[in-house]
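As structure tokens, the structure follows; a few thoughts come after it.
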Amino acid sequence: MRLDDLARGVPGAVLEGGGGVEVTGIAYDSRRVNRGDLFVAVHGIRSDGHAYAADAVAAGAVAVAVERAVDVPAGTPVLQVPSTRTGLAEIAAEFYGRPSRQLYVAGITGTDGKTTVTHMAEHVLMASGVVAGAMSTVAFSVRGAEVDNTSGQTTIEAPQLQEWLRRMVEAGVKCAVIEATSHALVQERVRACDFDVAAFTNVGHDHMDYHATWEDYLEAKAHLIDLAAKGADKGIEKTAVLNRDDPSYERLSRRSISRRWSYGLTTAADLHPLDLSMSATGSRFRLKTPLGETEVALAVPARFNVYNALCAAGVCLAVGVPIEEIGPGLAGFDGVRGRLERVDLGQDFSVFIDFAHSAGALASALAELRPFTKGRLIAVFGSTARSDHDRPGMGKAAADLSDFFIITTDDPLREDPAEIARDVQSGAAGRAPGRDYEVVIDRRSAIRRAIDVARPGDTVLLAGKGHERTMQMAQGAEPWDERAEAEAAIKEKAGAN
Ligand SMILES: Nc1ncnc2c1ncn2[C@@H]1O[C@H](COP(=O)(O)OP(=O)(O)O)[C@@H](O)[C@H]1O
Ligand SMILES: [Mg+2]
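So, in structure tokens, the structure goes:
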């Protein structure tokens, strides 16, 4: 694409120098520039891309996009933009032909449940015959064909995101469901996406180091509603899908958008369940919506998945899925990899893998499993190197809500896993080491130990790794497969008996 053609589609862009150069890619990291790229100088958390513009040109960039003057070799075309953060998103969208205008796009945000809602909605869409795509923490999916998200980011940077949307358009996808974190919203990674639906799970108090206050955090998330309200018109009504039972509801519902649907467990919500019954494996209810009713039999456990289903139902209804398709669609959803994923090899105790890696998520996963556990509830978990996680809080959650637990390793990076475990242990002051819990630093051994002590009727929760395929160690990322470890442990136990 010619630079001047690209520049024309970027709001506020001023081109200095030759617009005739051919741009063959978009780069924002000077160390990863390919010949022919347009380099966009973005302020990262740690460094400012403006300092690397000359390096980018040396590495083959044919032009640079900046928000202030930079030193580049004479003759380098410079695209001046009001902000390179928003500029990166606009440039990427333009480069890939504004794919989000050729698709319905739903954004899912909130503190917990984003990935689940994303794939639930994708599943219901596909089941009802709407070709769907999805982007989440776990996977990128186009027409049901999935690849693992190994980027380490839930919401990828704008150029990759726009490239995936383009792939979706080319594959005939009609609706894309995008998991959007608040970091991504603040960093404008999803800015140049023309959303049709903005859906919210809950808005808790995690990540408070990054967002000074809950209000700011809420504000960052609320931005998704504005993106939908302002998005290009595709002939369907712009809709916000909001959790009426969450403290965020009051604030979010004041945001201006054409249509607002609330969901929740009470009849005050636009979408709500009637005659709800829960079991160890799922739930049943009649789903009331503004567009009619449908019977739902969910095959994923936990009350929070009722919320997730209501949210996903709202998303699908908003993009035109008929109400009678919603129930059967939800019924066929068998969960997201690593989200209360059952490992069942016919053993006489239950084993679940879950991604819960914060104190709150660990507590809620344990609370969900308790009512369906006849025997003891056993937890295996660790705290990661990320310092914003409440380590003693995780120890306390396990101490309060499980019968026996094992503190182990989870992505320690350069920190000493034993040191991390001691921080976790400090929250479990009321419980006796050796009797109520153990510290087993090697995660393989910890999983085997938990499976080994499990008796008939017990439930073992392996928390923290979920779908992840690597363990982040000081020496780099090592391959990891929680499910394979759990299965091996169960088989070894069966073999030993
Ligand atoms: N609606 C919800 N409310 C509270 N906790 C939830 C909800 N949905 C899922 N969870 C918990 O959070 C974990 C992560 O779920 P996930 O769908 O991956 O959320 P996210 O993508 O927002 O991190 C789940 O395994 C479960 O323990
Ligand atoms: Mg996620």
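In my numbering, the protein residues as written are 55 to 551. Backbone N, C-alpha and C define an ideal beta-carbon position, used for all residues, glycine too.
In the DSSP assignment, find the unbroken alpha helix (DSSP H) run with Tyr-69 in it and report its ends.
The residue you call residue 69 lines up with position 15 of the sequence shown. According to the sequence displayed, residue 69 carries Leu and not Tyr. No alpha helix (DSSP H) contains Leu-69, which is instead part of the beta strand (DSSP E) from 68-70.
Is Val-589 near Val-178, with beta carbons less than 8 Å apart?
Outside the modelled stretch of the chain, which goes from 55 to 551, sits residue 589, for which no answer is possible.
Taking 7 Å as the line, does the beta carbon of Asp-388 fall inside it for any heavy atom of ligand 1?
Here residue 388 refers to the residue found at position 334 when the sequence shown is read from its first residue. Outside the cutoff, so no.
Determine the DSSP secondary structure at Phe-149, reduced to helix, strand or coil.
Here residue 149 corresponds to residue number 95 of the sequence shown, with the count starting at 1. Here Phe-149 sits in helix by DSSP.
Pro-471 by DSSP, collapsed to three states: which one?
As a position in the sequence shown, residue 471 is number 417, starting the count at 1. If DSSP states are grouped into helix, strand and coil, Pro-471 belongs with the helices.
Select from Arg-468, Arg-313, Ala-356 the residue whose C-alpha is nearest the C-alpha of Pro-425.
Residue numbering aside, residue 425 sits at position 371 when the sequence shown is read from its first letter. Looking at the Cα atoms, Ala-356 is the closest of the given residues.
Scan the segment 462-517 and note each continuous alpha helix (DSSP H) run of 4 residues or more that stays entirely inside, going in chain order.
You should have 471-479, 497-507.
Looking only at its own chain, which residues have a Cβ that is under 6 Å from the Cβ of Thr-170, when we skip the five neighbours before and after it?
One-based indexing of the sequence shown puts residue 170 at position 116. For Thr-170, where only same-chain residues beyond five positions count, the Cβ hits under 6 Å are Asn-362, Val-390, Arg-393.
Keeping to the same chain, check which residues put their C-beta closer than 7 Å to that of Leu-272; ignore five residues upstream and five downstream.
Indexing the sequence shown from 1 puts residue 272 at position 218. Val-257, Ser-302, Arg-305.
How long is the line joining the alpha carbons of Phe-403 and Ala-542, rounded to whole angstroms?
In the sequence shown, counting from the first residue as 1, residue 403 sits at position 349. In the sequence shown, counting from the first residue as 1, residue 542 sits at position 488. Cα-Cα distance, rounded: 15 Å.
Closest to Thr-487 by CA distance: which of Val-514, Gly-449, Glu-536, Lys-284 is it?
One-based indexing of the sequence shown puts residue 487 at position 433. Correcting the residue identity first, residue 487 is Pro in this sequence and not Thr. The candidate whose alpha carbon is nearest that of Pro-487 is Gly-449.
DSSP three-state call for Pro-446: helix, strand or coil?
Taking the sequence shown and counting its residues from 1, the one referred to as residue 446 is at position 392. Pro-446: helix per DSSP, three-state reduction.
Can you tell me where the beta strand (DSSP E) holding Gln-134 begins and where it ends?
Sequence index remark: in the sequence shown, residue 134 carries index 80 (1-based). From DSSP, the beta strand (DSSP E) with Gln-134 extends over 132-134.
Could you give the first and the last residue of the continuous alpha helix (DSSP H) run that contains Pro-213?
As a position in the sequence shown, residue 213 is number 159, starting the count at 1. Taken as a continuous stretch (DSSP letters only), the alpha helix (DSSP H) holding Pro-213 covers 212-224.
Let me know the secondary structure DSSP gives Leu-92 once reduced to three states.
The sequence position of residue 92 within the sequence shown is 38, counting from 1. In this structure, Leu-92 counts as strand in the three-state DSSP scheme.
How many Å lie between Gly-103 and Asn-203 at the Cα?
In the sequence shown, residue 103 corresponds to position 49, counting from 1. In the sequence shown, residue 203 corresponds to position 149, counting from 1. Distance between the alpha carbons of Gly-103 and Asn-203: 25 Å.
Check each candidate in Glu-144, Pro-127, Leu-516 and name the one with the smallest Cα separation from Ser-499.
For this step, residue 499 is matched to residue 445 along the sequence shown. Minimum Cα distance to Ser-499 is reached at Leu-516.
Just to confirm my understanding: we take Ile-474, look at its own chain, exclude 5 residues before and 5 after, and list those with CB closer than 7 Å. What are they?
Taking the first residue of the sequence shown as position 1, residue 474 is located at position 420. Cβ within range, chain order: Gly-436, Ser-437, Arg-445, Pro-466.
For Thr-267, count the other beta carbons within 10 Å of its own beta carbon; 16 or more makes it buried, fewer makes it exposed. Which is it?
If you number the sequence shown from 1, residue 267 lands on position 213. Exposed is the call here.
If Arg-503 and Ile-460 are in contact, beta carbons under 8 Å, what's the gap, nearest whole angstrom?
Against the sequence shown, residue 503 aligns to sequence position 449. Against the sequence shown, residue 460 aligns to sequence position 406. Contact holds; Cβ gap of about 6 Å.
Determine the DSSP secondary structure at Pro-533, reduced to helix, strand or coil.
On the sequence shown, position 479 is the one that residue 533 refers to. Pro-533: strand per DSSP, three-state reduction.
Is it right to say Arg-139 is buried, meaning 16 or more other beta carbons lie within 10 angstroms of its own, or is it exposed?
Here residue 139 refers to the residue found at position 85 of the sequence shown. Its Cβ being crowded by 16 or more others within 10 Å, Arg-139 is buried.
Determine the contact status of Lys-519 and Asp-470, defining contact as a CB-CB distance below 8 Å.
Locating residue 519 in the sequence shown gives position 465, where the first residue counts as 1. Locating residue 470 in the sequence shown gives position 416, where the first residue counts as 1. Not a contact, by the Cβ cut-off of 8 Å.
Answer with buried or exposed for Ala-252, where buried requires no fewer than 16 other C-beta atoms within 10 angstroms of its C-beta.
Counted from its first residue, the sequence shown places residue 252 at position 198. Ala-252 should be labelled buried.
Going by the C-beta, is Arg-485 closer than 7 Å to any heavy atom of ligand 1?
Locating residue 485 in the sequence shown gives position 431, counting from the first residue. No, the beta carbon of Arg-485 sits no closer than 7 Å to any heavy atom of ligand 1.
Tell me the DSSP bridge mates of Ala-372?
Reading the sequence shown from its first residue, position 318 is the one you call residue 372. BP columns for Ala-372 are empty, so no partner.
Starting from His-326, follow its DSSP beta bridges and name the residues at the other end.
Walking along the sequence shown from the start, residue 326 turns up at place 272. Answer is Lys-342, bridged to His-326.
Mapping the DSSP letters down to three states, classify Tyr-82 as helix, strand or coil.
Here the question's residue 82 lines up with position 28 in the sequence shown. The answer is coil: DSSP assigns Tyr-82 none of H, G, I, E or B.
For a test of your reading of the model: does the CB of Ser-182 fall under 7 Å from any non-hydrogen atom of ligand 4? Yes or no.
Within the structure as shown, ligand 4 is missing, the only ligands being ligand 1 and ligand 2.
Would you decide whether Thr-343 is buried or exposed? Buried here means 16 or more other CB atoms lie within 10 Å of its CB.
Position 289 of the sequence shown, counting from 1, holds the residue named residue 343. With 16 or more other Cβ atoms within 10 Å, it is buried.
Give me the Cβ distance between Thr-165 and Thr-255, rounded to the nearest whole Å; I'm assuming they're in contact under 8 Å.
Position 111 of the sequence shown, counted from the start, is the residue given in the question as residue 165. Position 201 of the sequence shown, counted from the start, is the residue given in the question as residue 255. With 8 Å as the limit, Thr-165 and Thr-255 qualify as a contact, their Cβ atoms being about 7 Å apart.
What residues in its chain sit with their C-beta under 8 Å from that of Ala-421, if we drop five residues either side in the sequence?
The sequence position of residue 421 within the sequence shown is 367, counting from 1. Correct list, in chain order: Leu-455.
Between the Cα of Arg-243 and those of Ala-107, Asn-88, Ser-137, Arg-56, spot the shortest distance and give me the residue it belongs to.
The residue you call residue 243 lines up with position 189 of the sequence shown. Among Ala-107, Asn-88, Ser-137, Arg-56, the Cα nearest to that of Arg-243 is on Ser-137.
Bridge partners of Asp-76, per DSSP?
Here the question's residue 76 lines up with position 22 in the sequence shown. Looking at the sequence itself, residue 76 is Glu, so the reference to Asp does not match. Answer is Arg-56.
In terms of residues, what are the limits of the alpha helix (DSSP H) holding Ala-123?
One-based indexing of the sequence shown puts residue 123 at position 69. Run containing Ala-123: none; DSSP gives neither H nor E here.
Quick check: is any heavy atom of ligand 2 less than 7 Å from the C-beta of Ser-404?
Here residue 404 refers to the residue found at position 350 of the sequence shown. No, since every heavy atom of ligand 2 falls outside the 7 Å radius drawn around the Cβ of Ser-404.
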